[in-house]
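Trainee: In full-length UniProt numbering, the protein residues as written are 1 to 343. We treat Cβ as the ideally placed atom computed from N, Cα and C, and that holds for glycine.
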């Protein structure tokens, strides 16, 4: 009998004809029942809905990784970030096949992770990627109330490199412009005039350029930014033929792949004897130069797609900490103020 089935949600609805019809749901907010009430089919359907909605029992680290990869949180990540996690997950599964989650919450797990992390010390960046991916899985488990703590917390990262001084100087910029091949020169100009990431520039299509502005939907953050095209860049774009959908293409007129572009860019910098800077550093150079010109952090963020906090972090920690021109400007302004006061 229907009365013996707990949790059934019943809703009365009056149709346009005046007739009152009763709809049954497996539970409040749950799926609508299709079988007639007070039947075996109704009871069987209810059991199926409850089974389908029951959370998957996660008992091992393997299953926690599976749950994370199947989650909306993982789906929302940029493809490059997903690739990094997947690579790390293979190593994690090798190290701890079917490790019970309850053991990860006990004393000693952090020491095990620290020791595993250090086995990759020959490649500090890889080591930190392993640690970051494992930590992200544990964070997911905490968010889903599967576990209570993240044993990766407090483990020091191995990579200590810094991009503080890695900005393109005027000399390097002139050097690249003077000798770079046309396909790479165009990529360079797009990066230094828009401050966008490599992946977003490589996927840029002519439809995104309307003659005055370029519309970006950033692959990493999903933010949409509309950037006015600098006159120098506009002259280059307007003079180009448009045989392909993408703006940036290689010497054969084919769209770049990320790996193909990275390889060609590295060879070009080697040929031009440009060292100590990367393509990504053009993004930091853009931020730094706009700040030098007097643009505010808010204005820079509206174009770069960073949050205000991220812009501040870039300016403070990564690029301006050793920027002599910026430091000199403070004293020069102080001297101008002193001269005005004396007058």
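Going by the DSSP bridge assignment, what does residue 140 pair with across the sheet?
Mentor: Position 140 of the chain shown, counted from the start, is the residue given in the question as residue 140. Residue 140 pairs with nothing; no bridge assigned.
Trainee: Run through DSSP, which three-state label would residue 217 get?
Mentor: For the purposes of this step, residue 217 is taken as the residue at position 217 of the chain shown. Look at residue 217 here: in three-state DSSP terms it is strand.
Trainee: Within the continuous alpha helix (DSSP H) that includes residue 291, where are the two ends?
Mentor: For this step, residue 291 is matched to residue 291 along the chain shown. 281-292 is the span of the alpha helix (DSSP H), which, as asked, contains residue 291.
Trainee: DSSP three-state call for residue 90: helix, strand or coil?
Mentor: Sequence index remark: in the chain shown, residue 90 carries index 90 (1-based). Reduced to three states, the DSSP call for residue 90 is helix.
Trainee: State the CB to CB distance for the pair residue 135 and residue 88, rounded to an integer number of angstroms; the pair is presumed to be in contact (CB under 8 Å).
Mentor: Within the chain shown, residue 135 is the residue found at index 135, counting from 1. Within the chain shown, residue 88 is the residue found at index 88, counting from 1. That belief does not hold up - the Cβ atoms of residue 135 and residue 88 are roughly 10 Å apart, past 8 Å.
Trainee: Whole-angstrom Cβ separation of residue 31 and residue 24, contact assumed at under 8 Å?
Mentor: Translated into the one-based positions of the chain shown, residue 31 becomes position 31. Translated into the one-based positions of the chain shown, residue 24 becomes position 24. About 10 Å; that fails the 8 Å criterion.
Trainee: Which value, in whole angstroms, describes the spacing of the CA atoms of residue 309 and residue 281?
Mentor: What you label residue 309 is simply residue 309 of the chain shown in a count that begins at 1. What you label residue 281 is simply residue 281 of the chain shown in a count that begins at 1. Cα to Cα, residue 309 sits roughly 19 Å from residue 281.
Trainee: Spatial neighbours of residue 202 within its chain, please: CB distance less than 7 Å, with the 5 preceding and 5 following residues excluded, ordered by chain position.
Mentor: Stepping through the chain shown from its first residue, residue 202 is reached at position 202. The answer, listed in chain order, is 248, 256, 258, 261.
Trainee: What three-state label does DSSP hand residue 263 in the structure shown?
Mentor: In the chain shown, the residue the question calls residue 263 occupies position 263. It is helical.
Trainee: In or out: residue 288 buried (at least 16 other Cβ within 10 Å) or exposed?
Mentor: Stepping through the chain shown from its first residue, residue 288 is reached at position 288. Result: buried.
Trainee: State the start and end residues of the unbroken beta strand (DSSP E) segment that holds residue 227.
Mentor: For the purposes of this step, residue 227 is taken as residue 227 along the chain shown, with counting starting at 1. That run of the beta strand (DSSP E) goes 224-228.
Trainee: When we look at the beta-carbon of residue 17 and count the other beta-carbons within 10 Å, is it buried (16 or more) or exposed?
Mentor: Here residue 17 is taken as the residue at index 17 of the chain shown, counted from 1. Residue 17 should be labelled exposed.
Trainee: Whose CA, out of 152, 91, 284, 182, lies closest to the CA of residue 252?
Mentor: Here residue 252 corresponds to residue number 252 of the chain shown, with the count starting at 1. Of 152, 91, 284, 182, the residue nearest in Cα terms is 182.
Trainee: DSSP puts residue 271 in a beta bridge; with which residues?
Mentor: If you number the chain shown from 1, residue 271 lands on position 271. None; residue 271 has no bridge partner.
Trainee: In the DSSP assignment, find the unbroken beta strand (DSSP E) run with residue 14 in it and report its ends.
Mentor: By 1-based counting over the chain shown, the position of residue 14 is 14. Note, residue 14: beta strand (DSSP E), 9-14.
Trainee: Please report the straight-line C-alpha distance between residue 114 and residue 35, rounded to a whole angstrom.
Mentor: The count along the chain shown starts at 1 and reaches residue 114 at position 114. The count along the chain shown starts at 1 and reaches residue 35 at position 35. A straight-line Cα-Cα distance of about 55 Å links residue 114 and residue 35.
Trainee: Can you tell me where the beta strand (DSSP E) with residue 193 in it begins and where it stops?
Mentor: Here residue 193 refers to the residue found at position 193 when the chain shown is read from its first residue. Per DSSP, residue 193 belongs to no beta strand (DSSP E); it is in the alpha helix (DSSP H), 182-194.
Trainee: Would residue 60 and residue 100 qualify as a contact pair, given that the criterion is a beta-carbon distance under 8 Å?
Mentor: The residue given as residue 60 occupies position 60 in the chain shown. The residue given as residue 100 occupies position 100 in the chain shown. Cβ distance < 8 Å, so residue 60 and residue 100 count as in contact.
Trainee: Please classify residue 311 as buried or exposed, where buried requires at least 16 other C-beta atoms within 10 Å of its C-beta.
Mentor: Residue 311 sits at position 311 when you count from the first residue of the chain shown. By the 10 Å Cβ count, residue 311 comes out buried.
Trainee: Which same chain residues end up closer than 6 Å to residue 204 when comparing Cβ atoms and leaving out the 5 residues on each side of it in sequence?
Mentor: The sequence position of residue 204 within the chain shown is 204, counting from 1. Counting only Cβ-Cβ distances below 6 Å, and skipping sequence neighbours, we find 247.
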